[in-house]
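Here the structure comes first, spelled out in structure tokens, and everything after it is commentary.
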Amino acid sequence: MLRRIDDDAEFLNRIMFSDETNFHLSGIVNSHNVLIWGSENTNEYLEIQRDSPKVNVWCGIMYGRVIGSFFFTEKTLTSVIHVDVLENFVSPHLEELQPHVFLQHNGAPLHWGTIVSSS
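Take the sequence shown: its position 29, counted from the start at 1, is 18 in my numbering, and no numbers get skipped.
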């Protein structure tokens, strides 16, 4: 990676960092990947609605531009849904930048399904 950056000063500008998350109407947050800074104790127990309605959001960020955000309401994000988002929403926005865009994925299982790696 460092060699690539040395060889091409624009390399980092062509990486699209992306992620998705969901927002529950009940206020549920995933305590494994959400950190809340504040003066109040956030470890208190609250009664929450199970399977509350939610919206999923995907967004990509590159140097000088934001791709998305795309909203979808599927209950569970899967590799099939992820490919659908990439093909139908993300690709049209990136066509003008091809072939020099690198899409970064994190280690979420839906990013590594067979359907994703073959698309």
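Using N, Cα and C, we set each Cβ at its ideal position, and we do this for glycine too.
For residue i, three-class secondary structure by DSSP
i: Val90; result: coil
i: Val44; result: strand
i: Val55; result: strand
i: Val18; result: coil
i: Ser80; result: helix
Closest by C-alpha distance to residue i, when choosing among the options
i: Ile70; options: Leu86, His82, Val46, Phe6; result: Val46
i: Leu86; options: Asn2, Pro42, Arg(-8), Asp(-3); result: Asn2
i: Ile50; options: Ser7, Asp(-5), Ile17; result: Ser7
i: Gly16; options: Glu29, Gln38, Ala(-2), Met5; result: Gln38
i: His82; options: Met5, Glu9, Thr10; result: Met5
i: Arg54; options: Asp(-4), Val90, Ile(-6); result: Val90
i: Lys64; options: Cys48, Lys43, Tyr52, Leu75; result: Lys43
i: Ile56; options: Asn11, Ser80, Val72; result: Ser80
Residue i - partner residues in DSSP beta bridges
i: Thr65; result: For Thr65, which the question treats as bridged, DSSP gives no partner whatsoever.
i: Asp8; result: Cys48
i: Phe60; result: Val46
i: His13; result: Lys43
Other residues of its chain near residue i: CB distance less than 6 Å, five sequence neighbours each side excluded
i: Phe61; result: Asn45
i: Phe78; result: Phe59
Cut-off 8 Å between Cβ atoms - residues of its own chain near residue i, not counting five sequence neighbours on either side
i: Ser41; result: His13, Leu14, Ser15, Ile17
i: Gln93; result: Ile4, Met5, Phe6, Ser7
Same chain, Cβ closer than 7 Å to residue i, neighbours up to 5 away in sequence not counted
i: Phe0; result: Arg(-7), Ile(-6)
Buried or exposed (CB count within 10 angstroms, at least 16 for buried), residue i
i: Leu75; result: buried
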